[in-house]
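Colleague:
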């Protein structure tokens, strides 16, 4: 069995985008060995140098990877160790037979899952049941759901370049799929690469990914490489790629002058992303059919709660985290306000549903609340990892060039709403604990939501695209204190803004460019299931009175469900730092089911299709 690690592709002798011929680690290693020997003591220094050079020649020489068209996907397996996910390639037939692929493995790899067709759904809850029937097969053994956390096109190059300069081994099967991944995300017209998978080609993205392909052994004369190189030249070459490219490409160009690189622990490709929202009561959580799936999810949340603060927390400038949940898993250790809030809501909902185990006692629930209450800023809003700790003037020191709002924490409608709704649910079940503080916290938070509404009625989203995403959260915040379309000017304006963007087919479709321009921009691909669900959830939370407009959107969601219960991937859903988009593949399951469940709870489970 081989685990995904790193591959030492042979440095090419052709010119790279940094206008420097990359140096083989063999002569560098031999030179460094001689230098080390020459400073040793004793009369055998020369012999030591020759011996060290000979050793370097046999251990540091890189071989060109065998880049096939593709690997055998039936040999890949995903291992999930309490949320830490690694892919493994089983070349041995006996190993492959002993560790069969799961449905989740096949789905992640794009292989046929062979799941049966389900009865035709006609009502909202029929669609939810079919969706859950499919989604339960994607649950991993610890109780979480894995998903690709892709989108940015600069992370993989940094990984491969780091392996290159540290002479870290990458097996052939991984190099092959790295190559395929990069080529599959080239711009369809000019062959370059952008900052993210839906972006236009940039010098930064093209220089980085072109370099990665050359490191992996792709010929410079490959027609796709010729096309990409031409695009890069038209943009002025790698010298226009900016500091993020310079620091990475410089590591390659400077190999000859660096004393040595440590060959430390091989860097495994670890996918540490999982999304556990619970099902938010989209159907009857007491139904025994779903109890095993939801119990496993609860067990995962129990295991992943952080039980202690960082030692010397204040000295290390670390945010309080006891009782929290981290952005990815407990080992990663950095808590986020909305991760804590969503996990806490799932725990409270399940533990107050008959038939589920009481895994978290009251004190652990209180610990989570204590930490949540530390996230509020003077504005009333909540940031993500920690409260704002510096002036916005620090953005003048932002050296990233391609990102905005990264030097300090900011308030977000999404995080603020997650906290407000968690506190509301907590107070319902635990009315005595810190009740006055929670009431004041919520009042300040909702006032922040009012204060940040745009004149047109929308809210700007920073973690999803864009006004549609934030609008869903903001309307939920207002609803949590009893402000709805009928009695709140803010809620009414928010609903009217969303309704003004509904398309003729009933759906919503916002482009990532809205995040860049802070103006609503239609996506050229047309209506999208995820954004339609976001808009409908917001309208339902606000008790928007025109039921027909909501049903029109729901019919689009229902019509796009596949016969096996899944929804297909559409445009990218997430964003960070204003300009870089990121994938949340599980959103196409979670939010449509949530929208359908909320509708059925309000209007009943009526036939819509």
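Residue numbers (my numbering): 248 to 856. Idealized CB from N, CA, C, for every residue including glycine. Small disclaimer: the values here were computed from a predicted structure and weren't measured.
Checking 8 Å against the spacing of the C-beta atoms, do residue 757 and residue 715 come in under that value?
Modeller: Taking 8 Å as the Cβ cut-off, residue 757 and residue 715 qualify as a contacting pair.
Colleague: Going by alpha carbons, who is nearest to residue 400 out of 370, 459, 343?
Modeller: It is 459.
Colleague: Measure the C-alpha to C-alpha separation of residue 803 and residue 821 and round it to an integer number of angstroms.
Modeller: Residue 803 and residue 821: Cα-Cα distance of roughly 21 Å.
Colleague: Could you tell me whether any Cβ in chain C is nearer than 8 Å to the Cβ of residue 642?
Modeller: Protein chain content of the structure displayed is limited to a single chain, and chain C is not contained in it.
Colleague: With DSSP collapsed to three states, give me the class of residue 829.
Modeller: Strand, per DSSP.
Colleague: Would you mind sorting residue 420 into buried or exposed? The rule is 16 or more other CB atoms within 10 Å of its CB.
Modeller: So residue 420 ends up on the buried side.
Colleague: With residue 335 as the anchor, note down where its beta strand (DSSP E) starts and where it stops.
Modeller: From DSSP, the beta strand (DSSP E) with residue 335 extends over 331-336.
Colleague: Taking the beta carbon of residue 623 as the centre, do at least 16 other beta carbons fall within 10 Å, making it buried, or is it exposed?
Modeller: Classification of residue 623: buried, given that the 10 Å Cβ count is 16 or more.
Colleague: Would the beta-carbon of residue 327 fall within 8 Å of that of residue 425?
Modeller: Not in contact: residue 327 and residue 425 (Cβ atoms no closer than 8 Å).
Colleague: Let me make sure I understand the geometry here. Which of 540, 483, 671, 628 has the alpha-carbon closest to that of residue 381?
Modeller: The shortest C-alpha separation from residue 381 is found at 540.
Colleague: Quick check on residue 373: buried or exposed, where buried means 16 or more other Cβ atoms within 10 Å of its Cβ?
Modeller: Looking at its Cβ environment, which holds 16 or more other Cβ atoms inside 10 Å, residue 373 is buried.
Colleague: Use the C-beta contact count for residue 718: other C-beta atoms within 10 angstroms, 16 or more gives buried, fewer gives exposed.
Modeller: Label assigned to residue 718: buried.
Colleague: Alpha carbon to alpha carbon, how far is residue 364 from residue 462?
Modeller: Near 44 Å, if we compare the C-alpha coordinates of residue 462 and residue 364.
Colleague: Helix, strand or coil for residue 822? Go by DSSP, reduced to three states.
Modeller: Residue 822: strand per DSSP, three-state reduction.
Colleague: Alpha carbon to alpha carbon, how far is residue 696 from residue 587?
Modeller: The straight-line gap from Cα to Cα measures roughly 20 Å.
Colleague: Taking the alpha-carbon positions, what's the residue 267 to residue 334 distance?
Modeller: For residue 267, the predicted structure reports a pLDDT of 33, less than 50, and the residue's modelled location is therefore unreliable. A value from the coordinates is still provided. The straight-line gap from Cα to Cα measures roughly 34 Å.
Colleague: Note down, in chain order, each residue of its chain lying with its Cβ closer than 8 Å to the Cβ of residue 318, except the 5 sequence neighbours on either side.
Modeller: Within the same chain, residue 318 has close Cβ partners 336, 420, 423, 424.
Colleague: Any idea what DSSP makes of residue 471, helix, strand or coil?
Modeller: Helix at residue 471.
Colleague: Hey, could you find the ends of the beta strand (DSSP E) residue 328 is sitting in?
Modeller: Run containing residue 328: 323-328, per the beta strand (DSSP E) assignment.
Colleague: Suppose you measure from the CA of residue 723 to the CA of residue 595; what does that come to, to the nearest Å?
Modeller: So the two alpha carbons sit approximately 19 Å from each other.
Colleague: Would you kindly work out how many angstroms separate the C-alpha atoms of residue 599 and residue 854, rounded to a whole number?
Modeller: Distance between the alpha carbons of residue 599 and residue 854 is about 30 Å.
Colleague: Please say whether residue 768 and residue 835 have beta carbons closer to each other than 8 Å?
Modeller: No; because the gap between Cβ atoms is not below 8 Å, this pair is not in contact.
Colleague: Would DSSP call residue 629 helix, strand or coil?
Modeller: Residue state, collapsed to three classes: strand.
Colleague: Please report the distance separating the alpha-carbon of residue 790 from that of residue 759.
Modeller: Answer to the nearest angstrom: the Cα atoms are 28 Å apart.
Colleague: Would residue 393 and residue 547 be called neighbours here (beta carbons separated by less than 8 Å)?
Modeller: For residue 393 and residue 547, no; Cβs fall outside 8 Å.
Colleague: Hey, is residue 814 close to the ligand ATP, as in C-beta under 7 Å from one of its heavy atoms?
Modeller: Of the ligands one can find in the structure shown there are none, so the ligand ATP has no counterpart to examine.
Colleague: Taking its Cβ as the centre, do 16 or more other Cβ atoms sit within 10 Å of residue 457, making it buried, or is it exposed?
Modeller: Result: buried.
Colleague: Got a sec? Which residues, its chain only, sit under 6 Å from residue 437 by beta carbon, not counting five neighbours each side?
Modeller: Here the set comprises 448, 478.
Colleague: Quick check on the DSSP output: the alpha helix (DSSP H) that includes residue 809 runs from which residue to which?
Modeller: Counting along the chain, residue 809 falls outside any alpha helix (DSSP H), and DSSP gives it neither H nor E.
Colleague: Would you tell me roughly how many angstroms separate the C-alpha atoms of residue 614 and residue 486, rounded to the nearest one?
Modeller: Each residue's alpha carbon lies about 51 Å from the other.
Colleague: Could you tell me which of 652, 369, 694, 431 sits nearest to residue 637, measuring between CA atoms?
Modeller: It is 652.
Colleague: For residue 494, is the classification buried or exposed, using 16 other Cβ atoms within 10 angstroms of its Cβ as the cut-off for buried?
Modeller: Under this definition residue 494 is an exposed residue.
Colleague: Just checking my contact of residue 730 with residue 720 at CB under 8 Å: how many whole Å lie between their CB atoms?
Modeller: Not confirmed; about 14 Å, so no contact.
Colleague: Can you say whether residue 773 is buried or exposed, counting buried as having 16 or more other CB atoms within 10 angstroms of its CB?
Modeller: Exposed is the call here.
Colleague: Figure out for me which residue from 782, 712, 433 has the closest Cα to the Cα of residue 741.
Modeller: When each option's Cα is compared against that of residue 741, the closest is 782.
Colleague: Below 8 Å on the Cβ atoms is my contact criterion, and I expect residue 728 with residue 670 to pass it. Report the Cβ-Cβ distance as a whole number of Å.
Modeller: Not confirmed; about 11 Å, so no contact.
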